[in-house]
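**Student:**
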Amino acid sequence: MLVVDANFHLRGLVTFRDIEKAKTYPLASKDSQGRLRVGAAVGTGADTGDRVEALAAAGVDVVVVDTAHGHSRGVIDRVRWVKENFPQVQVIGGNIATAEAALDLVKAGAADYLAKPWDDRKLLTTVNNLLELSETRRELDRRREREQRNRSALEARYDLRGAVVADPASERVVNLACQVARSALPVLITGPNGAGKEKIAEIIQANSLVAKGAFVALNCGAIPAELIEAELFGSEAGAYTGANKAREGKFEAADGGTLFLDEIGNLSLGGQMKLLRVLETGRFERLGSNRERQVKVRVISATNADLPAMIRDGQFREDLYYRLNTVELALPPLAERPGDILPLAERFLQGDKPLSAAAASALQRHAWPGNVRELRNVLQRAELLASGDRIDVSDLNLPRAATAPRPATPTADPDRHNIEAALARNHGIIAQTAAELGLSRQALYRRMDRYGIPRE
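Following this line, the structure appears as structure tokens:
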């Protein structure tokens, strides 16, 4: 903290403790001589030269500015100078005598103002709050810089097929998808409808050894049960009612490339048995034919169903499950990837109508039960119907009750999933995450170290 005051004796009433050694802000208090103590970097000065040197060299978080003889204009000018040269610094103005001067001070950029004689308790509370705010912002900036570096490295190394990878949760999934892409192993992508499972499959294909081959997608839930096998394996003329000519199935179309089977849990038991055979041998017959055909296909499957529960109920083959699930990628719902929401929104908006700040905030608060698909639909509708020059909250037409879920009470001993979800909700800010989980910063750091969660 830097105190700039015309009164040398007033500056001497404030002492400081170096936070670089303490690493955390101590509670503000008075020392044995009655002087104020705050946890901050040291810097004092009464003229502009001292201010510049202290601010530039020490990188202070908070500046308390004052001037002699109660001239409010001098305080306001100093506040404006600090904010113009160091916008990240929080400023408290002192010696303000009128409401008009206080308003001018706030317009100049001050975070708060005080009248002399200072109320020590109010000053200490304000300073500590601003120090905590500065630390939180620094922490957020560090995390954003790290995430941007990671994303840039990911984009430079892999073909992401235009995917938005702005949240750490989606970054982890995409990074793992790119790592397994070079193998020929089957991959099972799990996650709710509309979360982007097909995009993950496209990324795997684009970075695989069969990237130049075909990428063929089939939604098993969109095909009638009696036709799904014909779609997968093809059919000969007369194999079923309406089969007027022979046609190849998806496996033949994907030969030498990748077959993406979405909603794999909807496949009939008979279809599951034939699929298992293809996965094991690469061989199959078209419906209505005894001629065996050979293909070489990389299979990626996806589901929003609980396949282990379906196995217990006899609805899904256990041997097929383990064959498909050599590598599992769990894609979280959009509500657990808050960092992706606004970048996705910018991607979906095609016109020249930006989001208002209130609309952007509403998007981040919404629970998104329909995930990315719902977000796209909401924005396309809002862009079409918005009458102003930007999209406001009313244009989004979001239900008021659908807000992003948060834990009702802190978890006694949060596991890795709870910690990562809380970090995502709070954009990686340790102070907010610790408060949500009911932990101290140190306790949260210990658990992050235990589970191997990066601190930055």
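Using this note's numbering, the first residue of the sequence shown is number 275, and each one after it goes up by one.
Idealized CB from N, CA, C, for every residue including glycine.
This structure is a prediction, so every number in the text was calculated from the model and none was measured.
1. Quick check on DSSP: helix, strand or coil for Ile574?
2. As an exercise, report each continuous alpha helix (DSSP H) stretch of at least 4 residues that is fully enclosed by the stretch 462-492, in chain order.
3. Find out if the Cβ-Cβ distance for the pair Leu543, Arg597 is shorter than 8 Å.
4. What would DSSP say about Glu657, mapped onto helix, strand or coil?
5. Going by C-alpha to C-alpha distance, which of Val569, Ala660, Glu476 and Ala698 sits closest to Phe489?
6. Based on the DSSP secondary-structure assignment, which residues constitute the bridge partners of Thr532?
7. Suppose contacts are defined by Cβ-Cβ distances below 8 Å. Is Glu413 in contact with Ile704 by that definition?
8. Can you tell me which of the three DSSP states Glu526 falls into?
9. How should Tyr514 be labelled, buried or exposed, when 16 other C-beta atoms within 10 angstroms of its C-beta is the threshold for buried?
10. Could you check what DSSP says for Phe360 in three-state terms: helix, strand or coil?
11. Determine the burial state of Pro688: buried for a count of at least 16 other Cβ atoms within 10 Å of its Cβ, exposed for fewer.
12. Report the three-state DSSP secondary structure of Tyr432 (helix, strand or coil).
13. Per DSSP, which one or two residues make a beta bridge with Asp386?
14. Excluding sequence positions up to five away, which residues of its chain have a Cβ less than 8 Å from the Cβ of Glu559?
15. Once DSSP output is grouped into helix, strand and coil, what is the label at Ser668?
16. Consult DSSP for Phe590 and reduce its assignment to one of helix, strand or coil.
17. Please list the terminal residues of the continuous alpha helix (DSSP H) segment that includes Ala504.
18. What's the call for Lys471, buried or exposed, on a 16-neighbour Cβ count within 10 Å?
19. Specify the secondary structure class of Leu561 as computed by DSSP and reduced to three states.
**Tutor:** Quick answer:
1. strand
2. 471-480
3. Cβ atoms of Leu543 and Arg597: not closer than 8 Å.
4. DSSP places Glu657 in helix when its eight states are reduced to three.
5. Glu476
6. Phe489 and Arg572
7. yes
8. helix
9. exposed
10. coil
11. buried
12. coil
13. Ile366
14. Phe507, Arg565, Glu566 and Arg567
15. helix
16. coil
17. Ile502 to Phe507
18. By the neighbour-count rule (16 or more Cβ atoms within 10 Å), Lys471 is buried.
19. Of the three classes helix, strand and coil, the one that applies to Leu561 here is strand, per DSSP.
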